[in-house]
Amino acid sequence: MANAPTPRVRVPAAAKAGEMIEIKTLISHEMESGQRKDSSGKVVPRKIINKFSATFNGKPVFEADWNPAISANPYQSFFYKASETGEFTFTWKDDDGSEYTAKNKLTVG
Numbered sequence: 061m062a063n064a065p066t067p068r069v070r071v072p073a074a075a076k077a078g079e080m081i082e083i084k085t086l087i088s089h090e091m092e093s094g095q096r097k098d099s100s101g102k103v104v105p106r107k108i109i110n111k112f113s114a115t116f117n118g119k120p121v122f123e124a125d126w127n128p129a130i131s132a133n134p135y136q137s138f139f140y141k142a143s144e145t146g147e148f149t150f151t152w153k154d155d156d157g158s159e160y161t162a163k164n165k166l167t168v169g
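Oh and the sequence shown: position 61 is 121 in the working numbering, straight run, nothing missing.
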């Protein structure tokens with residue numbers, strides 16, 4: 061892979077109690093299918109993100125299982141009802157066991 065996968069997340073910094081917020085995530089990842097060959101004719105190994113999860117203060121709030129047909133640089137958004145101040149942890153899992161994480165704080169007041 062030419063570039064290391066780079067996760068990007070957009071979470072509002074603050075929200076009112078009970079407010080629905082939209083969380084947007086994107087990871088720069090080539091999603092190699094394992095079907096392509098490099099310039100020397102060798103098969104490029106499959107490397108696809110197959111799972112995305114989000115937790116808030118350690119509790120799961122969103123999960124998605126992705127299939128091989130998902131595009132490169134996958135985008136995922138979801139809504140969350142803000143109830144307390146805390147921290148989101150976002151995790152993307154790759155076929156080869158690699159994990160990529162990002163964290164964002166949310167202040168509820």
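Just so you know, even glycine gets a beta-carbon here, dropped at the ideal spot from N, CA and C.
Owing to the predicted nature of the structure, the values given are computational and were not obtained by experimental measurement.
With residue i and residue j assumed to form a contact (beta carbons below 8 angstroms), what rounded beta-carbon distance in angstroms separates them?
i, j, result
"Tyr140", "Trp152", "Their Cβ separation, rounded to whole angstroms, is 18 angstroms, which puts Tyr140 and Trp152 out of contact at 8 angstroms."
"Phe122", "Phe138", "5 angstroms"
"Met91", "Ile130", "6 angstroms"
"Ser158", "Ala77", "Their Cβ separation, rounded to whole angstroms, is 37 angstroms, which puts Ser158 and Ala77 out of contact at 8 angstroms."
Identify the residues that DSSP records as bridge partners of residue i: which are they?
i, result
"Glu82", "Phe139"
"Arg68", "Leu86"
"Gly146", "Leu166"
"Lys76", "Beta-bridge pairing links Lys76 to no other residue."
"Asp125", "Lys111"
"Pro120", "Thr115"
Need the endpoints of the beta strand (DSSP E) that residue i sits in, please.
i, result
"Pro105", "Taken as a continuous stretch (DSSP letters only), Pro105 belongs to no beta strand (DSSP E), as it is neither H nor E."
Is DSSP giving residue i helix, strand or coil here?
i, result
"Asp156", "coil"
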